[in-house]
Structures are given as structure tokens and as C-alpha cells.
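**Q** Sharing a structure with you now.
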Amino acid sequence: MILTIDIGGTHTRLAMVDEDASDIRLEHFRSYRSEKYRDVDEIIQDYETSIEIKAKSAVVGVPGPVLNGTARATNLPWELEEKGLAERLCFSSVKLINDVEALGYTIGALAPDDLVMLNPGRHYPDAPATVIAPGTGLGEAYVLPAGSRHRIFPSEGGHSGFAPSSKMELKLLEYLMADHDHVSVESICSGPGICNIYRFLRDRQICIEPQWLKEALEKSADQAGTIAQNALSADKAEAISIQTLELFVAILGAESGNLALMLAAKNGVYIGGGIAPQILPFLQKDLFMQSFLNKGPMSRFVADIPVSVICKPDANLYGLASFARKGQRGR
Numbered sequence: 340m341i342l343t344i345d346i347g348g349t350h351t352r353l354a355m356v357d358e359d360a361s362d363i364r365l366e367h368f369r370s371y372r373s374e375k376y377r378d379v380d381e382i383i384q385d386y387e388t389s390i391e392i393k394a395k396s397a398v399v400g401v402p403g404p405v406l407n408g409t410a411r412a413t414n415l416p417w418e419l420e421e422k423g424l425a426e427r428l429c430f431s432s433v434k435l436i437n438d439v440e441a442l443g444y445t446i447g448a449l450a451p452d453d454l455v456m457l458n459p460g461r462h463y464p465d466a467p468a469t470v471i472a473p474g475t476g477l478g479e480a481y482v483l484p485a486g487s488r489h490r491i492f493p494s495e496g497g498h499s500g501f502a503p504s505s506k507m508e509l510k511l512l513e514y515l516m517a518d519h520d521h522v523s524v525e526s527i528c529s530g531p532g533i534c535n536i537y538r539f540l541r542d543r544q545i546c547i548e549p550q551w552l553k554e555a556l557e558k559s560a561d562q563a564g565t566i567a568q569n570a571l572s573a574d575k576a577e578a579i580s581i582q583t584l585e586l587f588v589a590i591l592g593a594e595s596g597n598l599a600l601m602l603a604a605k606n607g608v609y610i611g612g613g614i615a616p617q618i619l620p621f622l623q624k625d626l627f628m629q630s631f632l633n634k635g636p637m638s639r640f641v642a643d644i645p646v647s648v649i650c651k652p653d654a655n656l657y658g659l660a661s662f663a664r665k666g667q668r669g670r
């Protein structure tokens, strides 16, 4: 059995995969709050105790760069090293890969029902694709053709500087620059970014914050989720929540279009991560694609690029399992 571990800034998810099975099936799935654990070792130990099964090897998706078998999770105080994990937890081998790289390994195996199309475009199988994944952070990766398979190259593009595309976005940038020397795309296109947008609209008095929603957010352990749930509410949606998600979606659309241009991603743009499936009705509005297409003389070029939301539950774990079963990158 192979243990797949998807480390997230909020949750760490684990599942077992039978390496000899004809297809990938996740077994003994568990999810843990990352912040409650000192390191991933403790989560693995709790997991193995709960299922009473010991895996032979492990593959770990890490939210951050992986260099020479070591990694430091971007939004967690966790340092990981392949050799040390294998020795301490008695695995024959441990492999660390970037979490969005793992998501890229799902692309070739996704069924039509796993995707929601935002723009049909036209697929060019020999062209690159790109993955963008807003969650606790913002992950970005490039998917390049390699014969009948793909090679996935993770990036740290989410930490590049935010470039406004409207007067409202310029005001948002100025608001965030009051407290930060560097305003990254991730500081807006992420769960914490949703909260940043909400505070901007509130503090600059662009929208009024209702007292009941203020109190709900003060009690919430997931403020971004509370804002999104309110915006999606059929009868209680507040203007500040709706405008927060609309601004979030517009900026995500612009960044997705930037990635499509930078890589000439004629084989598609895939939006993953934990947020996108939860706010699908907002992504399906015109605002996302309007921002995606707002590329001046290159608008016609990006209009032909397929754009999809990955809605497969635990897609990262499937990607990790796919990577492990292939045996090595690029095969």
C-alpha cells in the first residue's frame, strides 16, 4: 500500500492506495486540521493508529517548493525531508512533491464529470496547459506535453506581485500596501485574500458590514468560508459578501488569463484548489471570463483557450497516487 498525504495550510488529507490495483481507489480517507499538529509525523502516526494499517511507502504533496528532497510548507511551520521521514516512520521510501504539481498529475485522468467548463475553447493536445489553485495560498503549475504523457513543473507564481486591472483593484492594492511592502497575487486570490478584500470594502466604507455578519465572523473559525456562504445564500446574502466574491473572481480571472498568455496554454487552464468548487456559481457568471479575456490585442488568442474548474473531490490525492504509480517524473 502507498500512503498519499496532501498537506494544506488548513487541512491535511490522507488516504491509502493499492499500488497493484488496475485503477486508483482512495481507501481509508481521513482529514486533519493542520494547525493542531506540530509536524506531519504526528498526523501520520495518528492516521496509522486509527486505521491499523502500515503503508510500505509514502508520497507527500507540500504547499511550497521542493528542493533536493526537502521542503518547508509555505503557510505552516513544518520542515520536511524525505530521508528523515522514511527513517522515523519506517517507510521504504518517501517522495515529496509540490501540491500543485500533484494536482497537475490528475489532468490526464479526469473524466468529463470531474470538470465544469467555463470556456469551451479548443484543445491542442501538443500544447502546454496550466493549473491555478486558490486555497489557503495560491498554487500555480505548468503542464507540458511529453510524448503520450505530461511533465508538470510547479512554480511559486502566486507570490508574484499583484497587478490591478481596474480602479477598484488599484484602491485595493493601495489599501494592502499600507501594511505590506510586497502585495502578492496570493494575498488576494486565496482564503486569506477573501478576508483581505472584505476588510478593504468595509474599512474604505465601500460597503456596510451588518452587525449580525460582524458577529458571525468574530465567532467563525473559517472567515473566508463564512463570507462565501453568505454571498451564496439565496435569501440572506449581504452586499459586502457579494462584492467581496465578485472582486475575488475578477482578480482570479485576470491572473488565470495572465498564466494562459505566459505559457500559451492552448491545451487548457485548469482551476483547482479548495475554493473554486465552493464558489462555482460566481465563477460561472460573466465576470470571471470577462477578466480572463481582457488582454488587449491578445483577447482573441485567449478566447480560444479552454477553461475548466476541477470539481473532483480530493483531486490532489489522486494526483499523488498517479505520480507514485508512475514511479518517476515524466514517465
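Heads up: the sequence shown at position 2 corresponds to 341 in the numbering used here, and the numbers run straight through without jumps. Note that beta-carbon positions come from the ideal geometry of N, C-alpha and C, so glycine has one too.
(1) Express the C-alpha separation of LEU598 and PRO404 in angstroms, rounding to a whole number.
(2) So what's ILE610 in DSSP terms, helix, strand or just coil?
(3) By Cβ distance below 7 angstroms, which residues in the same chain neighbour GLU508 in space, the five residues on each side in sequence not counted?
(4) Please classify PHE621: does DSSP put it in a helix, a strand, or coil?
(5) Buried or exposed: MET355, going by 16 or more other Cβ atoms within 10 Å of its Cβ?
(6) Give the DSSP-derived three-state secondary structure of GLY669 in the structure shown.
(7) Sorted by chain position, which residues of the same chain lie with C-beta nearer than 8 angstroms to PRO464's C-beta, five sequence neighbours on each side aside?
(8) Leaving aside the five residues before and after SER647 along the sequence, list all residues of the same chain whose C-beta is less than 6 angstroms from its C-beta, in chain order.
(9) Exposed or buried, what is LEU602 when buried is set at 16 or more other beta-carbons lying within 10 Å of its beta-carbon?
(10) Does the distance from the C-beta atom of ILE436 to that of VAL398 stay below 9 angstroms?
(11) Against chain B, with Cβ distances strictly below 9 angstroms, would ILE547 count as a contact?
(12) What ranges does the beta strand (DSSP E) occupy inside the region 453-526, keeping only unbroken runs of at least 3 residues that lie completely in it?
(13) Please name the residue in GLY486, ARG488, GLU440 and PRO451 whose C-alpha comes closest to that of ALA472.
(14) Which word fits LYS651, buried or exposed, when buried means at least 16 other C-beta atoms lie within 10 angstroms of its C-beta?
(15) Roughly how far, in whole angstroms, is the beta-carbon of LEU723 from the beta-carbon of VAL470, given that I think they are within contact range, below 8 angstroms?
(16) Kindly list the residues whose CB is nearer than 6 angstroms to the CB of ARG668, restricted to its own chain and excluding five residues on each side of it in sequence; keep chain order.
(17) When the distance is taken between beta carbons, is GLY592 closer than 9 angstroms to MET628?
(18) Where do the ends of the alpha helix (DSSP H) carrying SER389 lie?
(19) Mapping DSSP to helix, strand and coil, what is ILE644?
(20) Quick one: grab the DSSP three-state call for LYS634.
**A** In this structure, then:
(1) Using only the alpha carbons, I get a separation of about 19 angstroms.
(2) strand
(3) ILE590
(4) In this structure, PHE621 counts as helix in the three-state DSSP scheme.
(5) buried
(6) Reliability fails at GLY669, whose pLDDT of 41 lies under 50, so the model's placement of it is uncertain and the value that follows must be treated cautiously. In the structure shown, GLY669 sits in coil (DSSP, three-state: anything other than H, G, I, E or B).
(7) PRO484 and ASN606
(8) LEU454, MET456 and TYR609
(9) buried
(10) yes
(11) Protein chain content of the structure displayed is limited to a single chain, and chain B is not contained in it.
(12) 454-458, 468-473, 477-485 and 488-494
(13) Out of GLY486, ARG488, GLU440 and PRO451, GLU440 has the C-alpha closest to the C-alpha of ALA472.
(14) In the assembly as shown, LYS651 is a buried residue. Its beta-carbon has 16 or more other beta-carbons within 10 Å.
(15) Within the shown structure, residues of the chain are numbered from 340 to 670, placing residue 723 beyond reach of any answer.
(16) With a pLDDT of only 40 at ARG668, under the threshold of 50, the placement of this residue in the model should not be trusted; the figure read from the coordinates follows. Result list for ARG668: empty, nothing under 6 angstroms.
(17) yes
(18) 379-390
(19) coil
(20) coil
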